[in-house]
Every structure is written in structure tokens, then in C-alpha cells.
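First up is the structure itself, then whatever we jot down about it.
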């Protein structure tokens, strides 16, 4: 499955869990055993913390670190959250997952956090790790900004969705440079397209 699709599923799972927790914790927690309530309460800040990076929302990140000032980027987290609620029985079902991340993603999270601490990045939202975009493109080459680190001569696939239409094509990195922490992206790449793109697709990349 495409990494973007996997992250979209995780994002939906986190959203649902946080909504259920916020909407029903005051009433439902009265009917649950203490260990279950402790697990949910302890896990909530980390779940919100990770969702803030998936969605690029600085406000949620600040809320999560207010609840738990010790939160830091980590390669794997164990998260426990509400999966479903039975309102008639005042009961809930819980789930625990291991949420792993690549070392490069953890490095990006710390880079983004540092840009907040140093007050270099001013925006209230930011592009998530797997988000990327071309700032210019022709049928044979382009300039890509991304949060994913790549090496010179590395080959990768770019996925562009416009409505229900999905375009996928290969590119190869020719040059790279590190962007300022004030930027939405960490890297800028000069890339070439091994197979020339249709002119109409090259134009869509810049929209």
C-alpha cells in the first residue's frame, strides 16, 4: 500500500480515538476499571502529539506538550485508545498499537520542533513529513520541495492526485540543498524525469 494511504488510515484512527476520548471521558470513565482509565489518560497526549505531526497542526502539538512536557520524538510508540463505545451499557472497547516511524521522520520532527523553539517558523500549520510539492517543472526536470531526505542519484516515485485522478511517475535526484527552518519543507531537490512528462501534467505539478 502507498505510504500516504497508510498514514491516512492511521490519521483517521487517531482522529476517531481522540474524538471519542474528548466527548465521553467524563461519563464513561466512571464505569471503567482504574487500570484502563490510566492507560487511556497516559496515552492521550502522545496520540495527540503524533496526530499533530500527521496533520501539520501546531495548536494540537502545543496542547499535547502542555499535558505532558516530557514528550519528545521517538521511533516507536505504544498507544492505547478507545476504539468503540457502547452507550447502552456505558462500556468501551480499547486497542493498543505499536506506532513505528523511520529514523528520518523522527529527525524531521525534531527539526520542525527546533524551528518552533527558535521562533524561525511562524505559521500555525506546517506540511507533514510525507507532503511534498513541485515549485516548478518542465517535461524533463523540476524543483521539488519535501520533508523526506533523499540522496543524489536516488530514484523515487511521485504521486499527484487531482480529484479522483491519480498520476504516478518516476524521478531522479540530481542536486539537493537544505532549506532554512523558516521554510515549510526541509529539503529542495533538482530532479529529472527519466521518462518525459506530458506537457499538461507538468503544468498540473505547479498548481
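Residue numbers (my numbering): 1232 to 1438.
Every residue, glycine too, gets a C-beta built ideally from N, C-alpha and C.
DSSP on residue 1417, reduced to helix/strand/coil? Position 186 of the chain shown, counted from the first residue, corresponds to residue 1417. Three-state result, residue 1417: coil.
By the 10 Å Cβ neighbour count, where 16 or more other Cβ atoms means buried, how is residue 1243 classified, buried or exposed? Taking the chain shown and counting its residues from 1, one reaches residue 1243 at position 12. The residue is exposed, with fewer than 16 neighbouring Cβ atoms inside 10 Å.
Length of the line joining the Cα atoms of residue 1396 and residue 1353: Your numbering for residue 1396 matches position 165 in the chain shown. Your numbering for residue 1353 matches position 122 in the chain shown. Rounded to the nearest angstrom, the two C-alpha atoms are 34 Å apart.
Quick check for students: name the residue ranges of the beta strand (DSSP E) that lie wholly in the region 1293 to 1321, counting only runs of 3 or more. 1307 to 1317
Three or more C-beta pairs closer than 8 Å, one from the region 1404 to 1424 and one from the region 1351 to 1368: is that the case here? yes
Compute the Euclidean distance between the alpha carbons of residue 1391 and residue 1339, then round it to the nearest angstrom. As a first step, residue 1391 is located in the chain shown; it is residue number 160 there, counting from the start. As a first step, residue 1339 is located in the chain shown; it is residue number 108 there, counting from the start. Approximately 22 Å, taken between the alpha carbons.
Could you tell me the alpha carbon to alpha carbon distance between residue 1312 and residue 1257, rounded to whole angstroms? Here residue 1312 is taken as the residue at index 81 of the chain shown, counted from 1. Here residue 1257 is taken as the residue at index 26 of the chain shown, counted from 1. In a straight line, the C-alpha of residue 1312 is about 15 Å away from that of residue 1257.
At the level of alpha carbons, what is the spacing between residue 1185 and residue 1435? This structure cannot settle anything about residue 1185, because the visible part of the chain is limited to 1232 through 1438.
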